[in-house]
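**Student:** Chains as they are written, first to last, in my numbering: chain A, 181 to 501; chain B, 181 to 501.
All C-beta atoms in this analysis are idealised placements derived from N, C-alpha and C, irrespective of residue type, glycine included.
Bear in mind the structure is a predicted one, so any value in this text is a computation, not a measurement.
Protein chains: 2
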Amino acid sequence: MSLTVQDIGEQGLLKRVQAFCPSAIVGDDAAVLPTEPGKSIVITSDVLVDGVHFSDQTTLPESAGWRAIAANLSDLAAMGASPLGITVGLGLPKTTPVEWVERLYQGMSDCLNQFGGAIVGGDLCRSTVITLAITAFGQVDPDRVILRSTAQLGDAIFVTGFHGSSRAGLEMLLNSDHTQDRASLIRAHQYPIPRFDLPEFSTRVSGMDSSDGLADAVLQICRMSGVGAKLDRALIPIDPALKQWVSTEQAIDWALYGGEDFELVLCLPLEQAQQWVKLVKGSAIVGEITSDPIVQLIDSSGEFVDRSLSLNQGFQHFSSS
Amino acid sequence: MSLTVQDIGEQGLLKRVQAFCPSAIVGDDAAVLPTEPGKSIVITSDVLVDGVHFSDQTTLPESAGWRAIAANLSDLAAMGASPLGITVGLGLPKTTPVEWVERLYQGMSDCLNQFGGAIVGGDLCRSTVITLAITAFGQVDPDRVILRSTAQLGDAIFVTGFHGSSRAGLEMLLNSDHTQDRASLIRAHQYPIPRFDLPEFSTRVSGMDSSDGLADAVLQICRMSGVGAKLDRALIPIDPALKQWVSTEQAIDWALYGGEDFELVLCLPLEQAQQWVKLVKGSAIVGEITSDPIVQLIDSSGEFVDRSLSLNQGFQHFSSS
Chain A
181 MSLTVQDIGE
191 QGLLKRVQAF
201 CPSAIVGDDA
211 AVLPTEPGKS
221 IVITSDVLVD
231 GVHFSDQTTL
241 PESAGWRAIA
251 ANLSDLAAMG
261 ASPLGITVGL
271 GLPKTTPVEW
281 VERLYQGMSD
291 CLNQFGGAIV
301 GGDLCRSTVI
311 TLAITAFGQV
321 DPDRVILRST
331 AQLGDAIFVT
341 GFHGSSRAGL
351 EMLLNSDHTQ
361 DRASLIRAHQ
371 YPIPRFDLPE
381 FSTRVSGMDS
391 SDGLADAVLQ
401 ICRMSGVGAK
411 LDRALIPIDP
421 ALKQWVSTEQ
431 AIDWALYGGE
441 DFELVLCLPL
451 EQAQQWVKLV
461 KGSAIVGEIT
471 SDPIVQLIDS
481 SGEFVDRSLS
491 LNQGFQHFSS
501 S
Chain B
181 MSLTVQDIGE
191 QGLLKRVQAF
201 CPSAIVGDDA
211 AVLPTEPGKS
221 IVITSDVLVD
231 GVHFSDQTTL
241 PESAGWRAIA
251 ANLSDLAAMG
261 ASPLGITVGL
271 GLPKTTPVEW
281 VERLYQGMSD
291 CLNQFGGAIV
301 GGDLCRSTVI
311 TLAITAFGQV
321 DPDRVILRST
331 AQLGDAIFVT
341 GFHGSSRAGL
351 EMLLNSDHTQ
361 DRASLIRAHQ
371 YPIPRFDLPE
381 FSTRVSGMDS
391 SDGLADAVLQ
401 ICRMSGVGAK
411 LDRALIPIDP
421 ALKQWVSTEQ
431 AIDWALYGGE
441 DFELVLCLPL
451 EQAQQWVKLV
461 KGSAIVGEIT
471 SDPIVQLIDS
481 SGEFVDRSLS
491 LNQGFQHFSS
501 S
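(1) In three-state terms, what does DSSP make of T315 of chain B?
(2) Please report the straight-line C-alpha distance between T359 of chain B and A421 of chain B, rounded to a whole angstrom.
(3) Give the C-beta separation of G301 of chain B and T267 of chain B to the nearest angstrom, bearing in mind that I take them to be a contact with Cβ-Cβ under 8 Å.
(4) Measure the C-alpha to C-alpha separation of P241 of chain B and G287 of chain B and round it to an integer number of angstroms.
(5) Cβ of R328 of chain B less than 8 Å from any chain A Cβ?
(6) How long is the line joining the alpha carbons of V506 of chain B and Q237 of chain A, rounded to whole angstroms?
(7) Is A409 of chain B helix, strand or coil by DSSP?
(8) With a cut-off of 8 Å, does the C-beta of F317 of chain B fall near any C-beta of chain A?
(9) Would you call K461 of chain B buried or exposed, if buried means 16 or more other Cβ atoms sit within 10 Å of its Cβ?
(10) Kindly list, in the order they appear in chain B, the residues whose Cβ is closer than 8 Å to that of V253 of chain A.
(11) Count the other CB atoms within 10 Å of the CB of L450 of chain A; is the residue buried (16 or more) or exposed (fewer)?
(12) For a quick check, are the C-beta atoms of W434 of chain B and R347 of chain B less than 8 Å apart?
(13) What do you reckon, is the C-beta of V222 of chain A under 7 Å from a heavy atom of the ligand ATP?
(14) Do we get a CB-CB distance below 8 Å when we pair L183 of chain A with the residues of chain B?
(15) Identify every run of the beta strand (DSSP E) within the stretch 241-317 of chain A, keeping only runs that are complete inside it and at least 3 residues long; order them along the chain.
(16) Nearest by alpha-carbon distance to F442 of chain A: which of A:D396, A:L459, A:R487, A:V407 is it?
(17) Can you tell me which of A:A298, A:T340, A:L399 puts its alpha carbon nearest to the alpha carbon of K410 of chain A?
(18) Can you name the start and end residues of the alpha helix (DSSP H) that T470 of chain A belongs to?
(19) Beta-carbon separation of Q319 of chain B and L264 of chain B under 8 Å?
(20) Is it buried or exposed, T184 of chain A, if we count other Cβ atoms within 10 angstroms and call 16 or more buried?
(21) Are there 16 or more other CB atoms within 10 angstroms of the CB of A363 of chain A, so buried, or fewer, so exposed?
(22) Out of B:H369, B:I314, B:A298, state which residue places its alpha-carbon closest to the alpha-carbon of G271 of chain A.
(23) From which residue to which residue does the beta strand (DSSP E) around L489 of chain B run?
(24) With DSSP as the reference, identify every bridge partner of M352 of chain A, one or two as the case may be.
(25) Measuring alpha carbon to alpha carbon, tell me which residue in B:M352, B:C447, B:F484, B:V485 is nearest A336 of chain B.
(26) Starting from the N-terminal side, write out each stretch of the alpha helix (DSSP H) that is 4 residues or longer and does not extend beyond the stretch 366-450 of chain A.
(27) Quick check: the Cα distance between A257 of chain A and I373 of chain A, rounded to an integer number of angstroms?
(28) Is the shortest distance between the beta-carbon of Q496 of chain A and the beta-carbons of chain B less than 8 Å?
(29) Determine the chain A residues that contact I249 of chain B at a beta-carbon separation under 7 Å, and present them in chain order.
(30) Interface residues of chain A around Q186 of chain B at Cβ under 8 Å?
(31) My understanding is that R306 of chain B touches V229 of chain A, with C-beta atoms under 8 Å, so please give their C-beta distance in whole angstroms.
(32) Measuring CB to CB, does T470 of chain B end up less than 8 Å from G408 of chain B?
(33) Give the straight-line distance between the Cα atoms of G344 of chain B and I418 of chain B, rounded to the nearest whole angstrom.
(34) D230 of chain B bridges to which residues according to DSSP?
(35) Distance cutoff 8 Å, beta carbons only. Does S382 of chain A sit that close to anything in chain B?
(36) Between L270 of chain B and chain A, is there a C-beta pair that is closer than 8 Å?
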């Protein structure tokens, strides 16, 4: 029997296909390509499949469209880039209602109108399952690119906002629990906000977005920068509505592993991070970069015991579980 | 009952989704975006689905990969652009053999190595059907962009090479008819060549590629340029292997409607076109641009009667037939 994708998992497959890619370019949230002169182009892609990434139970077509764009724009934001445009590839079963498609495009269009960029091309084709392929491209000053690989010992770990809300919102949608005073959680899941509101900066900033969870982001940054981190659970910004709804332990679990919050997780000198906390509403410093190549989860509130995060706890698209 | 994609067809659906796109940018083979200063970026996308665009019966995974890239590079060539890079989005059933995926990437990589560009990013995800989403981007001197909308009365219609071969090759593969002396047809189907070998030019050139057939290309150019055309069936370059295999009528039918030959169909002043015929091996002048807004199919050999082409004879991805 030959190996299947399931057999080697996402990381194994990635490793194999990256053998065909220029290693200097792939591996970050988006590709940076030199153009002459001045700005560099930044490109990022996502493929979203009905029943895997969205479903009629939890996602209105407008929301599926918004989320697809927001996720890609967030990758641009995580590179320090500003959006230029996107292409939309759409595979559709013959029986798909036109209205569904229009509402999908409406959601995409709404998100682009708010954050910049436009639909500049794409492809429509027949498929047995609704498939949405987004490519977003933007531009960035090559001196202001935010990479995962440049975090340094002593950096503060800065996050732009709440974590765990998207996962909580999904849970509410799955259980049809639409309590009015938790609407912020559902909104966080359906209409996430890409973070293009960082202050201007002229020094090194390292990082990525938290699309696969805060824990995954910190692990990826540490792995690529050859450093470790100390992450304080008590400092992670969590929506009060979430704290009210579930136990602290559950809330922190969703914050660390839930994913799709699309906040930025950035490593930068402490003094600058402290400035940014004042300038970016809802942001916080949640830890620091250390030399020991592990990620320690501490809890300055003393409620939970310290532990170390494994590099294997990230999201695996092809895992059998 | 709400309308389905099938109900309104590809053109109807396109019209609806283009309402959300900047009309100045969409509608050509690829999007042209101004960058400053100098070159513009060109972006194009395709989504390919197993069982729709390729199948194990007719397409080795290497060939599926090559064709996906060649089709997108051909769109860049049809804009007068040179390739910079591509992103690859891949949706896969859990049971897909890893070897299949590697061979797919090998084919993509082979094509990029030959014509330029590199895989600079992408996305892998789970799906119920193998889905390949390609976005290619390139750059072009904004003064040398080849548009569909600028053909002028009196222009010669120039094609870069054989038409009908890809459709013929598919037919042979479907019928397991792999006759050695028709290998060029199978190769045309499995490994089409994007045409980056145009001579340098400094004057207006209008046109597109013949991905949906020569007839469709001429119709699209005429529609967007507000002109008509006279197309001479006797002048269409057809592989001698194809002429030997089927009737002239069948060969011309495939040349006009078969598609996927990925040649360029260009409109330019006659004198320059005559120069190009000498410079581009296998190319030919097949007709001329007229003022009457119809496409007349003539036959200077006198074998077939004249007729007019309808604007509706292009390829319809969602048609029920």
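**Tutor:** In short:
(1) strand
(2) 10 Å
(3) 4 Å
(4) 7 Å
(5) no
(6) No answer is possible for residue 506 of chain B: it lies beyond the span of chain B, which begins at 181 and ends at 501.
(7) strand
(8) yes
(9) exposed
(10) Looking at the sequence provided, one finds Leu at residue 253 of chain A rather than Val. Within chain B, no residue comes near L253 of chain A; the closest Cβ sits about 15 Å away, beyond 8 Å.
(11) exposed
(12) yes
(13) The model on display carries no ligand, and the ligand ATP is accordingly not part of it.
(14) yes
(15) 262-272, 299-306
(16) A:D396
(17) A:L399
(18) Counting along the chain, T470 of chain A falls outside any alpha helix (DSSP H), though it belongs to the beta strand (DSSP E) covering 464-470.
(19) yes
(20) buried
(21) exposed
(22) B:I314
(23) 487-489
(24) BP columns for M352 of chain A are empty, so no partner.
(25) B:C447
(26) 394-405, 420-425, 428-437
(27) 11 Å
(28) A caution first: Q496 of chain A carries a pLDDT of 41, below 50, which makes its placement in the model unreliable, though a value can still be read off. No, its Cβ sits nowhere closer than 8 Å to a Cβ of chain B.
(29) Going along chain A, no residue has its Cβ under 7 Å from I249 of chain B, so there is no contact; the nearest lies around 11 Å.
(30) K274, T275
(31) 7 Å
(32) yes
(33) 7 Å
(34) B:F234
(35) no
(36) yes
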